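Reading through the structure tokens given below for one structure.
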Ligand SMILES: [Zn+2]
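Residue numbers (our numbering): 44 to 310.
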């Protein structure tokens, strides 16, 4: 950490688009104490510490898949986070952490707190995702050589989705892509059951269609150990050619596939 950022004072200098990690670590330390980088945080505790109340609704319609941050006047806390009680727990945890990120874009000295930037900027959304990721799973916990088995274990331990761990691992710039695959039909051919792309963590410029069929390689050859690895051809969207691939099982019955360029795999 080359400089310290205190989350309580951050809004005064926002936006500093690179401060998400320091802010997350500053909040973690405030809630959990020092030397706790490997501990699982309850984002509801972080919310309380940051003067946000959390309300869960069992709503439908427009609110169904979104969480939101509401500035308040007449309440104990200046912010309220509203989220869907029907979302899976890891998703609720990420939603709280993401909305906490948005509080950094308000002037807290006003009542209710006032927006500092216009709503809906992509940079702010990215910032909040990075903040949430580092708050829930500090990157230091992901070893350089972490493979599929360890990523799944980290997701279980830190109570985040495997997708969140995959995006965190992508920051290492070692991987070309990390994909979640599952056995299913495509939208156009529901009966054509195959191992297909469910979700992806990829850098900008990489393009993989969801539902693309994985035709051959380690993800189809998980052995007794539940692990597969090898150099194999791939043809998924813009991911074409020979790559080093590692695959392991996902808790939901799918496969986690990690793709590495050959140069770094050999070196
Ligand atoms: Zn957001």
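Heads up, the beta-carbon is just placed ideally off N, CA and C, and yes, glycines get one too.
Bear in mind that the values here come from a model prediction, so they are computed numbers and not experimental data.
Check: Do residue 143 and residue 90 count as a contact pair if the criterion is CB distance below 9 Å?; Outcome: yes
Check: Measure how close the beta-carbons of residue 291 and residue 269 come, nearest whole angstrom, since I'm counting them as under 8 Å.; Outcome: 6 Å
Check: Let me check one thing: in DSSP terms, what residues is residue 325 bridge-paired to?; Outcome: Any answer about residue 325 is impossible in this case: the structure gives the chain only from 44 up to 310.
Check: Going by Cα to Cα distance, which pick from 68, 272, 304, 139 is closest to residue 284?; Outcome: 304
Check: Touching or not, the segment 139 to 153 and the segment 175 to 190, by the rule of three or more beta carbon pairs under 8 Å?; Outcome: yes
Check: If we ignore side chains and look at the alpha-carbon of each, how far apart do residue 167 and residue 266 end up?; Outcome: 43 Å
Check: Please state whether DSSP places residue 203 in a helix, a strand or coil.; Outcome: coil
Check: Helix, strand or coil: which one does DSSP assign to residue 46?; Outcome: Any answer about residue 46 is weak, because its pLDDT of 47 lies below 50 and its placement is not dependable; what the coordinates show is given next. In the structure shown, residue 46 sits in coil (DSSP, three-state: anything other than H, G, I, E or B).
Check: Assuming residue 206 and residue 242 make a contact with CB atoms under 8 Å, what is their CB distance in whole Å?; Outcome: 6 Å
Check: Would you kindly work out how many angstroms separate the C-alpha atoms of residue 262 and residue 134, rounded to a whole number?; Outcome: 26 Å
Check: Would you mind giving the Cβ-Cβ distance between residue 220 and residue 192, rounded to the nearest angstrom? I have them listed as a contact below 8 Å.; Outcome: With 8 Å as the limit, residue 220 and residue 192 do not qualify as a contact, their Cβ atoms being about 18 Å apart.
Check: Tell me whether the beta-carbon of residue 255 lies closer than 9 Å to the beta-carbon of residue 239.; Outcome: yes
Check: For my contact list, residue 123 and residue 115 are in at a C-beta cut-off of 8 Å; report their separation, rounded to the angstrom.; Outcome: 5 Å
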